[in-house]
Structure formats: structure tokens, C-alpha cells
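A quick write-up on the structure given underneath.
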Amino acid sequence: MSHRQLSEQEAREKSGELRSYLWGFGLALILTLIPFGLAAYTQMAAGTLYLVIAGCAVIQIVVHFRFFLHITLARNKREDLQLILFTALILAIMVGGTLWILFNLYYRMMPDMLP
Amino acid sequence: MTTITKPNDGHANQTPHRAHHPGLNLGPAHQESEDTREEMVFGFWVFMMSDLIVFGLLFATYVTMLGGTAGGLGPSDLFELKSAFIETMLLLISSFTFGMASLALKYRSDRKVLVIWLLVTLLLGLGFLAHELYDFHKMFTEGGVPSRSGFLSAFFSLVPLHGLHVIGACIWLIALLGQIAVHGLDPPTKTGLMRLAILWHFLDVVWIGIFSLVYLGGIV
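Those protein sequences? They're chains U and B, same order as listed. Counting from 107, one number per residue, gives the positions in the first sequence under the numbering used here. Counting from 612, one number per residue, gives the positions in the second sequence under the numbering used here.
Put into C-alpha cells, the structure is as follows:
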């Protein structure tokens, strides 16, 4: 496969996609630096800090899916979005159920295990 | 002449930019095997999502085990912010360089460009692994071994499993570089590269969970 001259439209598309990767990388970088920076250099209350860390993580996951894995809301990609959303549903049920049951057990029987 | 809004029911008359499968599509410049690629990439997505459930449940196990240090060392004694940050950066940059490799593949840049981006990605992945192993070694010497407590067992089933995935991805990447060298960019190699890209970006997504929940959550 040798080097191929890109048509004008392809060249435009390429620079668009390159920009999309750069955006994704920049956003991910910021969303990484915020929680690390706050954890390292500030004396925030632990509760607030947990919320900030969790918020940044969730946004960064969405950024990765959007810019690196190219999952968008476009019409022709709906079925994969459904696959991912269904997985998220299963995860929510199983992870949520696990945490609920076990922490309830700890609360009733092993209070030492509560963090 | 009544075919204005006929739904796309086959392969005839495709618009050149219809997406065939989730994620980055190679597009019209790589028409030769679009059909198999569609199946294989979608199948790989299904696998990836089932893997996500494994990781999700290990995260849940880890959280339920946070209190179970059995009098041994806890998260704030064992984890270091600096090394977690270095590992995070290595993986994030490698995700970006793999993206550049995907673009080099899609737009048929010189093969050298593709191979260089892949090699950079491989080096970053290996750097991540080396740093992670060094971290585990340090934890071991401090007495943080998996059999010490429920908390450490949960930690060592979650984080090294991610590391094992990265090892697998690196081996796959080396194999694909070999395939490129021997066969050139034939359709199986291209499909392999696209699936590996999904795995690589996915592993970075899992790492977001690990550094947020395990490392940052443990240190704060």
C-alpha cells in the first residue's frame, strides 16, 4: 500500500477527525489534571473531593467514548449505543445490588467493615 | 421514479459514508472487506462490553472490601499519588497515539507513519506495565501481598487484571506489527488493528475508573 493522494473532501475529513482526537485528548487531560491537582495540592473536605473526582471520572469516560471510540448519537450508530447502554443497565443492577446487599449486611452484622 | 426515501436495505446504492460498525470506520478507501469487518468489529464490541461487566463487578467487590484491611496496611499507606499519575499519563498518551495510528490507517498515509505511531503506542504501553510492576514490587516489599487481607485480595484481583489486559494488548500489537511486516496491510491485518484500537481505548476507560476510585479515592 503506497502513499495515496487524498481528495479534497478526504483531506477536509482528515483534518476534522484529527481535530476531534486533539479535542478528546485535551479534554481528557484537563479532566485528569483536575482531580489529581485537587488531591495533591488542596485541603478540600473529603466529601466534596470525592464528588469532584467522581464527576470528572464520569465526564472523562463520556469524552473517551465520544472522541476515541467514536460512539455518537448519530442515527446509524444507534444499535451500538444501545449495546453500551444495555451493558450500563446490567452493570447498574449488579453493582448496585452488590453494594446494597453487602453494605446492608455490614451495617447489621459487621459494623467494622463499614469504611 | 418513486425511490426518493427508500430505506437502505442492502448493499446496493450505499452512500459512501454510511457507518458499518461501531467506532471508527475505515470508509470508502478500504471497500474490499467491509462486510467481514462489520461482523468482526461488532462482535468485538460485544466481547468488550462483557469484559466491562467483569471489571464493573470487580470494582464493586473492591468497594465492599475497603473496610477489610484486617489490621494491615490500608489504601492511604500503600498507594502513591505520583506513580498513579505517571501511569495515568502514560496510558492516556498511548490512547491518543493509537488514535493517530488509526487515522494513518484510515487515510492511507505512508505505512511508515502508521508503524511509527504503533511503535510509540507500544512503548508507552510497555512503560505503563513496567511502572505498574515496579509499584506492585514496592507494595510487596512493604508487606502488601494479596494474602494479607480481603482489601488487598480485592485490589490484586482488580488492578493486575487490567495490567494483564494491557500485556495481552501489547502482545497483540507486536503480533500485528509482525503481520504488517510479513503480509502488508491486508484485510485481516486491518481488521485486527481496528479491534485492537477498541481494546486499547477501552482499557484506558477502565483505567479512569481505577485511578479515580482506587488510587485517588484511597489517598484522599
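All C-beta atoms, glycine included, are put in the ideal place defined by N, C-alpha and C.
Can you tell me whether residue i is buried or exposed, with buried defined as 16 or more other CB within 10 angstroms of its CB?
i	result
Gly828 (chain B)	buried
Asn210 (chain U)	exposed
Phe696 (chain B)	buried
Ala145 (chain U)	buried
Leu191 (chain U)	exposed
Lys717 (chain B)	buried
Gly755 (chain B)	buried
Phe666 (chain B)	buried
Tyr826 (chain B)	buried
Pro618 (chain B)	Since pLDDT at Pro618 (chain B) reaches only 44, below the 50 mark, its modelled position is unreliable, and the value read off the structure follows with that caveat. With fewer than 16 Cβ atoms within 10 Å of its Cβ, Pro618 (chain B) is classed as exposed.
His748 (chain B)	exposed
Phe751 (chain B)	exposed
Phe658 (chain B)	exposed
His794 (chain B)	exposed
Gln166 (chain U)	buried
Tyr127 (chain U)	buried
His622 (chain B)	Residue confidence is low: His622 (chain B) scores 44 on pLDDT, short of 50, so the model does not pin down where it sits. Its coordinate-derived value is still stated next. When all chains shown are included, His622 (chain B) counts as exposed.
Leu787 (chain B)	buried
Ile159 (chain U)	buried
Thr802 (chain B)	buried
Thr148 (chain U)	exposed
Pro639 (chain B)	exposed
Ser758 (chain B)	exposed
Arg214 (chain U)	exposed
Ile207 (chain U)	exposed
What are the start and end residues of the alpha helix (DSSP H) that includes residue i?
i	result
Asp746 (chain B)	722–752
Ser687 (chain B)	686–689
Pro141 (chain U)	114–147
Leu701 (chain B)	692–717
Pro799 (chain B)	798–820
His773 (chain B)	761–794
Gly161 (chain U)	152–169
Between residue i and residue j, which are expected to be in contact by the criterion C-beta below 8 Å, what is the C-beta distance as a whole number of angstroms?
i	j	result
Phe669 (chain B)	Leu769 (chain B)	Note that residue 669 (chain B) is Leu in the sequence shown here, rather than Phe. Their Cβ separation, rounded to whole angstroms, is 4 Å, which keeps Leu669 (chain B) and Leu769 (chain B) in contact under 8 Å.
Tyr212 (chain U)	Leu220 (chain U)	5 Å
Ile196 (chain U)	Ile664 (chain B)	6 Å
Glu753 (chain B)	Glu698 (chain B)	The pair is not a contact, with the Cβ atoms about 18 Å apart (cut-off 8 Å).
Gly897 (chain B)	Gly761 (chain B)	The displayed coordinates of chain B run from 612 to 831. Any statement about residue 897 (chain B) would go beyond what the structure contains.
Leu179 (chain U)	Gly634 (chain B)	14 Å between Cβ atoms; not a contact.
Leu133 (chain U)	Lys120 (chain U)	At roughly 21 Å, the Cβ-Cβ gap does not stay under 8 Å, so Leu133 (chain U) and Lys120 (chain U) are not in contact.
Met660 (chain B)	Leu189 (chain U)	6 Å
His163 (chain U)	Ser694 (chain B)	With the sequence shown as reference, residue 163 (chain U) is identified as Ala, and His is not the correct amino acid for it. That belief does not hold up - the Cβ atoms of Ala163 (chain U) and Ser694 (chain B) are roughly 19 Å apart, past 8 Å.
Taking 7 Å as the cut-off, is the beta-carbon of residue i closer than that to any non-hydrogen atom of the ligand MG?
i	result
Met659 (chain B)	For the ligand MG, the structure offers nothing, since it holds no ligand at all.
Thinking C-alpha only, which one of the options is nearest residue i?
i	options	result
Gly683 (chain B)	B:Lys717, B:Glu743, B:Leu763	B:Leu763
Ala681 (chain B)	U:His170, U:Asp218, U:Leu112, U:Gly161	U:Asp218
Met711 (chain B)	U:Ser113, U:Leu191, U:Gly130	U:Gly130
His632 (chain B)	U:Ile207, U:Thr193, U:Ile177	U:Ile177
Thr672 (chain B)	U:Ile140, U:Ser121, U:Val201	U:Val201
Ile821 (chain B)	B:Leu692, B:Val731, B:Tyr718, B:Ile704	B:Leu692
Leu135 (chain U)	B:Asp688, B:Phe747, B:Leu701, B:Phe653	B:Leu701
Tyr156 (chain U)	U:Pro141, U:Glu114, U:Gln111	U:Pro141
Ile791 (chain B)	B:Lys723, B:Ile704, B:Val652	B:Lys723
Leu804 (chain B)	B:Leu729, B:Ser705, B:Pro771, B:His776	B:Leu729
Asp688 (chain B)	B:Asp746, B:His812, B:Leu787	B:Asp746
Phe739 (chain B)	B:Leu814, B:Arg648, B:Val652, B:Trp656	B:Leu814
Val652 (chain B)	U:Gly203, U:Asp186, U:Ile207	U:Asp186
Ala765 (chain B)	B:Ala640, B:Leu677, B:Ile727, B:Gly774	B:Leu677
Trp592 (chain B)	B:Pro757, B:Arg719, B:Pro771	Residue 592 (chain B) cannot be examined here, being either before or after the span of chain B that is shown, 612 to 831.
Ser713 (chain B)	B:Leu824, B:Trp811, B:Met660	B:Trp811
Ser705 (chain B)	B:Gly654, B:Leu784, B:Leu824, B:Thr802	B:Leu784
Phe171 (chain U)	B:Val816, B:Leu733, B:Pro639	B:Val816
Cys781 (chain B)	B:Pro799, B:Val731, B:Pro757	B:Val731
Asp662 (chain B)	B:Lys801, B:Thr800, B:His776, B:Leu703	B:His776
Leu725 (chain B)	B:Pro639, B:Thr708, B:His641	B:Thr708
Leu703 (chain B)	U:Ile199, U:Leu137, U:Gln115, U:Ala152	U:Leu137
Ile809 (chain B)	U:Ala198, U:Phe173, U:Thr193	U:Phe173
His641 (chain B)	B:Gly654, B:Ala715, B:Pro686	B:Ala715
Thr193 (chain U)	B:Leu733, B:Glu649, B:Trp656, B:Asp721	B:Trp656
Residue i touches chain A at which residues, Cβ-Cβ below 7 Å?
i	result
Trp656 (chain B)	No chain A is part of this structure, whose protein chains are labelled U and B.
Worksheet item: What residues in the stretch 667–680 of chain B bring their beta carbon closer than 9 Å to a beta carbon of chain U?
Response: Gly667, Leu668, Phe670, Ala671, Thr672, Val674, Thr675, Met676, Leu677, Gly678, Gly679
Worksheet item: the stretch 810–826 of chain B: which residues have C-beta closer than 7 Å to a C-beta of chain U, in chain order?
Response: His812, Asp815, Val816, Ile819, Gly820, Ser823
Practice prompt. Give, in chain order, every residue of the stretch 686–712 of chain B whose Cβ lies closer than 9 Å to some Cβ of chain U.
Written response: Leu692, Lys693, Ala695, Phe696, Thr699, Met700, Leu703, Ile704, Ser706, Phe707, Phe709, Gly710, Met711
Worksheet entry | Contact residues within the stretch 144–158 of chain U, judged by C-beta distance below 8 Å to chain B | Ala145, Ala146, Ala152, Leu155, Tyr156
Worksheet item: When you check each C-beta in the stretch 183–196 of chain U against every C-beta of chain B, which residues fall closer than 9 Å?
Response: Lys183, Glu185, Asp186, Leu187, Leu189, Ile190, Phe192, Thr193, Ala194, Ile196
Worksheet entry | Members of the stretch 761–782 of chain B near chain U, C-beta cut-off 7 Å | Those residues of the stretch 761–782 of chain B that come within reach of chain U (Cβ to Cβ, closer than 7 Å) do not exist; the list is empty.
Item to complete: Mind checking the stretch 736–752 of chain B against chain U and listing, in chain order, the residues whose C-beta falls within less than 7 Å of any C-beta there?
Response: none
Worksheet item: For the stretch 116–128 of chain U, which residues have a CB atom closer than 7 Å to at least one CB atom of chain B, in sequence order?
Response: Glu116, Lys120, Glu123, Leu124, Tyr127
Worksheet entry | Interface positions of the stretch 159–170 of chain U facing chain B (Cβ-Cβ less than 8 Å), listed along the chain | Ile159, Ala160, Cys162, Ala163, Gln166, Ile167, His170
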